[in-house]
Structures are given as structure tokens and as C-alpha cells.
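Report on the structure given below.
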Amino acid sequence: MAKIKNQEKVIKVKSKSSTNPSNSKKDVKVRMPLFNSLITAVCIGIAAWFSYKGYLETRVNTPYDVEKLVTAAGLDVPDRYWGTYRSNLYFGMKTRDPHSLVTGLMWYSPQRLRQDGSGLRHWCEQGDNLDRYGWLEHDGRTFGIQEIVDSSVLLTTTFVKRLSGQYGGDWTAKISVNSINSKKLEHEISLLFYIAIEESTKGWIDVNTNNDGNLTGMIGNTHGLGSFNINVHATKGTVEEYSFLSTVAPSLTVLKETVLKNLRIVSHKGSTKKHIVLSGKQLSLLPDGIKEKPNFIVMQVTGKVPFEIEVNYESDSFTNRLTKLSGDMYDQALEKQRKIFDEKFENIFKLRSKGYSDEEVSFAKMAFSNMIGSIGYFYGSSQVQSTYTKGPVPYWKAPLYTAVPSRSFFPRGFLWDEGFHGLLISAWDLEIELDIISHWFDLMNVEGWIPREMILGSEALAKVPEEFVTQMNTNANPPTFFLTLNYLIKNKQHELLSKYFHLIDKLYPRLQAWFNWFNTTQIGELPSTYRWRGRDTITIRELNPKTLTSGLDDYPRASHPNIHERHVDLRCWIAFAANVMSKITELLNHPHSKYQETFHYLSDNNLLNKLHWSPNTQTYSDFGLHTDKVVLQRPALPPNAQPSEMIRVVLEDPILRYIDSSFGYVSLFPFILQIIDSNSPQLEKVLQDLTDLDLLWTKYGLRSLAKTSPFYMKYNTEHDPPYWRGTIWINLNYLTVRAAYHYSKIEGPYQSKAKKVYDDLRHNIIQNVIKQYKKTGYVWENYGDTQGDGKGSHPFTGWTSLVVLLMAEIY
């Protein structure tokens, strides 16, 4: 109490308003509760601030809180439970289980195997320099046929599935090895077929051996498969050596390295012939003296070309298995599926009835099959970041069922690529496409944002440079799923209403949130303008700061990014999306006036022309702070100093202006997405410009950037070659052909010009893609504008496979 009294005395002395001691004491008693209330309020405010800050930090990795779209997952979809879902492998099977058993194929020729591992094939690698590989036929569900040409050897991998039981049934794969040149046979080829499980997989795998210690098969039991057994045996040719490895691998990313560590050279008694074989069991002892259980089992079969092996996977839950899916039974089952595939392919795409040759139809089957055969199933957590987090944070763990752009270079999910993939996949199998869409939209966070690149699982992460791993929640990607949805409404509306109405109704809130995210986060400074976020405003290395978020990467925009920019392609994407949203709301009988209003507002040609029509060049254009007078130069250094990297030097002050010196794909977007009125004089000018040989037109397709641009085919940094600066890209060419088809079918003064563009451009693209496939064995990421030669990653059977829709005239 004494301590309290002393405090009161101090307060009384300092109280200037107190003249009477008793009043002073009363005043203190009144003020103390006020003071305490103030402290409490401050504390509550601070707590509220930190709580709100924490809320902002967690929004980036908080899922969108409505009913999930993917309800039929894993074994709920038995006919698609097993598949070739390891997109990054030449051949491998796994299930749509987050913790699946995985299987895969490796091979090598003993004469070409090197100590550094080169010559041992496993993951699809451009550095392997294979002559050709890809699926010739694949239906996305039941079977596939693939050819791989490695030097003078032709490997053919086929598989067929057979449903029964509760764990996805049985499947059989055959791998045959033949010589390309029958007169020049390879001495030997070693095939290595393996199974593996990750640490998080509940279950075990083991080997079956006979009394001599030779491997007769592999067995296991996992939560997602129950009990199973796998047999690997030769069916044709001469086998010279069997060996196996049963061991513990640290990760799925080092299976090849684990094999290399366990190869040894042996020679048999009485023979001078030597073989490279696997070293059998290599299991370490745990501290209690018990051997570790294997998580990686490999069987190696070395044969003299030609020969063939068969892999039989059998589920113990299979009921009434009267015959094995093997030998003649397998061959019959494969032929049956091939016939079904051929009939369905012609029924959908009608290429034979359009007069295409057998060779051209085979090409189309290959392009389509590589798209659907590259569909992967991934599981894991992305790395994301917002302006409210100090650094990258993990997204929630989730599955993703998606096609991939390239098995060798981009074996993972890309948001804007997938909207193009969906155009081809949905023409073939609507259920598969809706499943893919459902998986992608379940990855939406509470803000309505979907990461533009999904890198899920250790194998996917191993293919990505560190700088591209983290996804920023301020950054968009073109909303191309609206292309797929627009196609479905136009061509599959009856199926949507009769079989999938409930799913589309569940998707609708997520589409609303996605559209709203674009329409609020990507707005420009002026009403009805938009700009891509994510451009580097302080770079000194790039000739023109990249716009990765637009999907067009190094396509030249304003040289000095700032808030005054307005991007014509993004404005058109939002307008297009609003139109599709209006159609979907009408389909679902929801009020759709606000989307109609947004579409009419953004497609108003007078407003569009006011904001994006350059009076100088009479072309559609971006607007921003810009100068063309920029170069890359190496800075002057003192004598004997190490050379430094080239930097950007600005030779002229930038000004706010139209970026009309870089005519190209961006300039075509009002046409590409059919925003221009059919009677607009701007339409005539666009048609005229895109057919100009000095601008975009080539006999191989439209180049991405006009030859007249100062950035045409220019390196963006000292080490980054031009990407969207002149090469021909099939996705934008497909949309241009589609637009020309649209304008050729509606009344207007430029109908005939649009028809001419449609016929000529479509012909040029189809002929060149087929020609380059015949020449190189691959479908390519993009094509050169002078010779039409394939460029970039290969095989690129993502959106380049849209050539099949061009052949079929499906828009």
C-alpha cells in the first residue's frame, strides 16, 4: 500500500489543475481508470494490427473456401487410376495416388555407357539427343504405343490396362528392341525395369527369388494398391544376362545415380565375355541390426538385338482372372484398343474424310497422343510469396492432374498453357478435361489467385531453376481456361447440361473469384485499362524488361515499366473472359447482366481505339514510358580487370507514347479475341498488316514480331536469345486462324479477305509443322521465320498439338 500512496503523491504534485488537496486526490482517482482504458485500447489495437497483419500474410496460402471440385479422386476413377503419369520419363507408370508406387524404364548400350552416366537413359532429356520419341497412339485411359529411336536402335513401348477388383486392375507393358538398320545390329542392349516407393508411401516392396538367388518377380503391398506382384520376362530373342538390384534410394530424383553406383562388370566362368550387371541386394543395416527394407527394386535384362520383354502387373484384388494379360491375349487386347482408337479418332477429327493421306493422319494421331499421353499426376506443395510475407512460404499440399507442355523441358503444369491444351483434350474426352479444370481450380487461394506455374513433387522441382520456383500472388497469367470453356459452351453444351451441370455450377463461384481477381488486381491507371504486373522496373541487364506474366516473356513492351502502362492484350483477355462469364451465367440461369455490361464496355470499339489505336502507325498497341534507343553494352573497365556482363544503356530519354514500333502478336489481340467489329475499318487494316511479308506473314505461319521492329531477333540479355521476337508460335497462330474463320463467316465488308487469310495461314502452318516432323522427328516449341525450322524445346506436344484442330477445322 505504501508504494501506491507514494505514486499518488507524485501525481498530486504534478497535477497543475489541483488547488485543493482533496480535489486533487479525487482527480487522480478519476484519471487512473481513463489511463488504464487508454493502455488497454492501445494493446487491443496493437494486437488487432498484428492479427490483421497475420491474416494478410496467410491469405496467399489459404485455400478458397467453397466446396472442392475434385470429389472423384484416386480409386474413385478406376479406369484412370493407373496411367503414364510420370510425364518426365521416357516410359513409366504410376497411379493417381499422392503416394503411389512408381514404375519406370531405363536402358543403355554397354558400348556407349560412360562413367559420368551418359548413355543411361531414364528421364526425357534433350541432351540425350535421341533421334525421335513419342506416343504414336494413346487414348488417355486404356492403352498406348510409343516409339523411341536411339541411334541405330528402335525401342517400342506399349501398354494395355484391364479393369477388375478394387485397386485399378491389371496392366501389362511390352518393351521391344529392334535395329533401325537390319544389316547393322547392336550387339547388346540392357533394359532396366524398376519399381520404387517414397518415404510417405504406406507399404512395402520386395523381391521374389528362386533357389539360385535369381529374381523371378517383385511383390508389394501399399495402401493405394493392396497386394500386387510384378513379373518381368523375355518373350522374344536371346537374353544374355539377368541381374537385379534391391536397395534404398534417397529420393526419386536420384534413381539413375543409384543404379550407376551399383553397376559392376562380371565375366562368367569359361567365357571371356564380360557384362555390366546390377549388384543384387545392397541393403544397409539399421542400428538394431535389422536390414533396411528396400524402396527401389530394379530388374536388368541384357539381350541381343532384336529382343522383347514383357512386364505383367497383377493386383491380388482382381476377381475372376481367367487368363493372364500376356502373350497372345495381350496382343489381341492391344489390337482391339487400337481399332477403337482409330474409329474414335476419325469420328471426332474426320481427317480421312477431309482427304488427308495415311501419313498425315498418322502424324495427327502422334501429335494428339503425345498431348494426352503426357498428362501427369503430381502431388506436393508450391512455393509462393506475397507482399505481406517476408519470403517464400509453402502453398498447401495438393494434387494436380494436368497435361504438360514438354516432357523433356517443361514436365509440369503451366496455367496459360493448359487452357490451350484443353481445346484439344476436350474435343476427345470431356470427362478428362473437366477433371483437369477441377484440379486446377481447386488450387485457387482465398484471393481468387491461381499460381501460374505448379511445381509439385521432387521430380518436378528437380527440373526448375531456382529463380523460377517462387510464384508471386500479384502476378497473373492469361486466363486461357476461358478459351476452353468457350469451346465447351459452343460445342459441348448438351453434354454439359445433361451430365455435368452440377460440376459447372460448383465451378461457377471459383470462376467469379478468378475473374474478379483479374479485374481488380491488374487494372491500369485509367478506367478500362489494364497492365500486367511483375515487370522489373530497375533491371539493368535486360534490353527490354520481360513480361513473363503475359505468357509472351520477352515480347517488347514499354522500355521503362511504370503505372502509366496499358497493355492491349490483357484488356482483350478481360473482355473475352467477361463474355464467356456471361455465357456461363446464362447457361446456369444466374443473373448475368454485370458480365454482359463489362463485356460491352470493354469491347466498345470507340473506347478501345481511343486507348490503344496508334494514330502514328494505325495499329493496335500498348502504351507506356518508352524509348527504342536502348542497347546492350559492356561497361568500360580499368586495365587488367575481369570482363563484366553487358548492361543496358539508354541513349534517349523515354517518353509516354504508344509502343507502335513493335508490331506483332500483341497488336493482333483485338482481332485474335474477336473484339473488333466486323465492319470496322480497323479490321481491314489488321488483315492487311498481318499479311504483309515485311511484317508478320511467312509461308510457315505468322512470326511473333515484325521484321521492322528494332527488337526483332535481338538478345534480351547477353545470354538470353530472342524468344517471342520473330519466331512462329502455334498457339497464337491457331487463335489467329480461328479469328479469321470467325470473320469469314459473319456479314461484313472484309469477309472475303478474312477467308483468304484463313485458307492460306491454315495451310502454311499445317504443312510446315508436318514437314519439320518428317525432317527432325519432333514437334517443336516454335519455328523459325526464315526457313520454318523447329526451334526451342522438343518434343513440344503442348499447344503445338493444336495443329490437329487446324487440320480438323475445329474451333
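For the sequence shown, position 410 matches number 410 in the UniProt record's numbering, and the numbering has no gaps at all.
Just so you know, even glycine gets a beta-carbon here, dropped at the ideal spot from N, CA and C.
| Item | Value |
| --- | --- |
| So the candidates are Leu192, Trp204, Leu263; which of them puts its Cα closest to the Cα of glutamine 115? | Leu263 |
| Out of Ser176, Gln166, Asp331, which one is the CA nearest neighbour of asparagine 320? | Gln166 |
| Can you tell which of Gly226, Gly127, Phe368, Gln471 has its C-alpha closest to the C-alpha of tryptophan 204? | Gly226 |
| Ignoring anything shorter than 3 residues, give me the beta strand (DSSP E) runs that lie fully in the stretch 634-707, in order along the chain. | 647-650, 655-658 |
| To the nearest whole angstrom, what separates the beta carbons of glycine 534 and asparagine 475, a pair I think is in contact under 8 Å? | 4 Å |
| Around the C-beta of lysine 161, are 16 or more other C-beta atoms found within 10 angstroms, so that it is buried, or is it exposed? | buried |
| Would the stretch 562-579 and the stretch 518-536 be scored as touching if the rule is three or more Cβ pairs under 8 Å? | yes |
| For the 8 Å Cβ check, are there 3 or more pairs between the stretch 730-749 and the stretch 685-704? | yes |
| So what's proline 21 in DSSP terms, helix, strand or just coil? | Because the pLDDT of proline 21 is 49, which lies under 50, any placement of that residue in the model is unreliable, and the number read from its coordinates should be weighed accordingly. Correct three-state label for proline 21: helix. |
| In the stretch 736-811, which residue ranges form an unbroken beta strand (DSSP E) of at least 3 residues, counting only runs that do not cross its ends? | none |
| Around the Cβ of histidine 223, are there at least 16 other Cβ atoms within 10 angstroms (buried) or fewer (exposed)? | exposed |
| What did DSSP end up calling arginine 557 once you bin it into helix, strand or coil? | coil |
| What does the alpha-carbon distance come out to for the pair glycine 127 and serine 152? | 17 Å |
| For glutamine 471, does the three-state DSSP call read helix, strand or coil? | strand |
| Answer yes or no: do arginine 86 and methionine 106 have a C-beta to C-beta separation smaller than 8 Å? | no |
| Classify proline 479: buried if its beta carbon has 16 or more other beta carbons within 10 angstroms, exposed otherwise. | buried |
| Based on Cα-Cα distance, which residue from Pro399, Pro556, Leu136, Gly140 lies nearest to threonine 156? | Leu136 |
| Per DSSP, what kind of secondary structure is serine 267 in: helix, strand or coil? | strand |
| Report the three-state DSSP secondary structure of alanine 398 (helix, strand or coil). | strand |
| With DSSP collapsed to three states, give me the class of glutamate 597. | helix |
| For isoleucine 437 and isoleucine 265, I'd like the C-alpha separation in whole angstroms. | 50 Å |
| Can you have a look at valine 803 and say buried or exposed, based on whether 16 or more other CB atoms are within 10 angstroms of its CB? | buried |
| For alanine 460, list the residues DSSP reports as bridge partners. | The partner list for alanine 460 (beta bridge, DSSP) is empty, contrary to what the question assumes. |
| Among Pro654, Val404, Phe623, Val70, whose alpha-carbon lies nearest the alpha-carbon of asparagine 609? | Phe623 |
| Grouping DSSP H, G and I as helix and E and B as strand, with all else coil, what is valine 446? | coil |
| Would you mind reading off the limits of the beta strand (DSSP E) that contains lysine 161? | 153-162 |
| With DSSP as the reference, please indicate the residues paired to tyrosine 530 in a beta bridge. | Ile523 |
| If you count every other CB in all the chains shown that lies within 10 Å of the CB of isoleucine 46, and 16 or more means buried, which is it? | exposed |
| Going by DSSP, what residues sit across from histidine 138 in a beta bridge? | Gly144 |
| What does the alpha-carbon distance come out to for the pair proline 635 and isoleucine 372? | 49 Å |
| Only counting the same chain, and skipping five residues up and downstream in sequence, which positions put a Cβ closer than 7 Å to that of glycine 391? | Gln385 |
| Are there 16 or more other CB atoms within 10 angstroms of the CB of histidine 502, so buried, or fewer, so exposed? | exposed |
| Taking the continuous alpha helix (DSSP H) assigned at threonine 627, which residues delimit it? | Taken as a continuous stretch (DSSP letters only), threonine 627 belongs to no alpha helix (DSSP H), as it is neither H nor E. |
| For glutamine 300, which residues in the same chain have their Cβ closer than 6 Å to its Cβ, ignoring the five residues on either side in sequence? | Ser190, Leu192, Ser243, Leu278 |
| For leucine 488 and phenylalanine 576, what's the separation of their Cα atoms in angstroms? | 15 Å |
| Per DSSP, which one or two residues make a beta bridge with alanine 476? | Alanine 476 pairs with nothing; no bridge assigned. |
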